[in-house]
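*Asks:* Count along the sequence shown from 1, add 1153, and you get the number used in our numbering.
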Amino acid sequence: MITTPEVDAYLASLAPERSLLLRRLEREAAQEEIPIIQLPSVQMIRLWLLAHRPTSILEVGTAIGYSTIWLADAAPQASIVTIEMDASRAERAQANIAEAGMAGRVSVIQADATAGLPGDQTFDCLFIDAAKGQYRTFLDLYLPRIVTGGLIICDNILFRGLVADPSQAGKRLRPMVEKLRDFNDYLRNHPQLETTFIPVGDGIAVSVKKQEPGSDA
Ligand code: SAH
Ligand code: MG
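#1: Quick check on D1277: buried or exposed, where buried means 16 or more other Cβ atoms within 10 Å of its Cβ?
#2: Rounded to the nearest angstrom, how far is the Cβ of L1311 from that of D1355, given a contact under 8 Å?
#3: I1299 bridges to which residues according to DSSP?
#4: Given a cut-off of 8 Å on the beta-carbon distance, is the pair L1296 and K1362 in contact?
#5: When you measure from the CB of P1352 to every non-hydrogen atom of the ligand SAM, does any distance come out below 7 Å?
#6: What residue from E1331, W1223, T1235, L1202 has the CA that sits closest to G1214's CA?
#7: Under the three-state reduction of DSSP, which class applies to L1167: helix, strand or coil?
#8: With DSSP as the reference, please indicate the residues paired to A1228 in a beta bridge.
#9: Give me, in chain order, the residues of the same chain whose beta-carbon lies closer than 6 Å to that of P1207; leave out the 5 immediate sequence neighbours on both sides.
#10: Among I1217, P1169, E1170, S1194, which has the Cα closest to the Cα of E1181?
This is the structure:
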């Protein structure tokens, strides 16, 4: 948690209305400790999508489709490809997305996203929310598939506030937290990206893919 509990509770009271389906997924995620995106983060991402109007989105880390449904709703013109390596989660995501009436424009791919995505489809928006220790791998792999001017959104980049001070992390989380910290530096210094780091939810980074230096495309 990045903010105080009081501020968090207050922000939660400002959360958008949501469907019974989304509420059910929130309950299931809480019961099963599936780390779905926090509502203030979703609100922020939805605004970016409404402004940016992507027509194709690649999501890395579907879990049970909670964030996917929010993204698809905020970008009704978009087709979405979402990758989840856990077979049972991918299956549940597929069913939940169908229940939301979005199966026609969302493809759930059950695969390890570090293996890349077959084909050469490009995307206007990339949402990274899978294994936190592998964000750099995901970014390096998929950035070439993002159009110039495309949005790259990364969730959990402050990881419970621990990324600001990895020495506060226990032994188990420390390596992952260090990797996220390196990843944030990587984003900051990436020549193709303009990035801002936002302390909402568990921390989100939003980047725009800039024109390649020396190109006028
Ligand atoms: N975006 C979801 C939450 C995703 S949780 C939401 O906000 O609703 C992270 C998910 O990434 C987990 O379900 C995990 O199984 C998946 N994952 C982790 N590493 C992965 C990889 N290498 N390839 C594909 N999925 C991965
Ligand atoms: Mg997340």
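Cβ atoms here follow ideal geometry from the backbone N, Cα and C, with glycine treated the same way. From a predicted model like this one, the values you see are computed outputs, not experimental measurements.
*Replies:* Let me spell this out:
#1: When all chains shown are included, D1277 counts as buried.
#2: Rounded to whole angstroms, the Cβ separation of L1311 and D1355 is 6 Å, and the two are in contact under 8 Å.
#3: Secondary-structure assignment with DSSP links I1299 through a beta bridge to F1276.
#4: Yes; because the gap between Cβ atoms is below 8 Å, this pair is in contact.
#5: For the structure depicted, the ligand SAM is absent and the ligand set comprises only the ligand SAH and the ligand MG.
#6: For G1214, the nearest C-alpha among the options comes from T1235.
#7: Coil at L1167, not helix or strand.
#8: According to DSSP, which records beta bridges pairwise, A1228 is partnered with nothing at all.
#9: Within its own chain, the residues whose Cβ lies closer than 6 Å to the Cβ of P1207, once the five positions on either side in sequence are excluded, are A1228, A1231, D1277, C1278, listed in chain order.
#10: Of the listed residues, the one whose Cα sits closest to E1181 is I1217.
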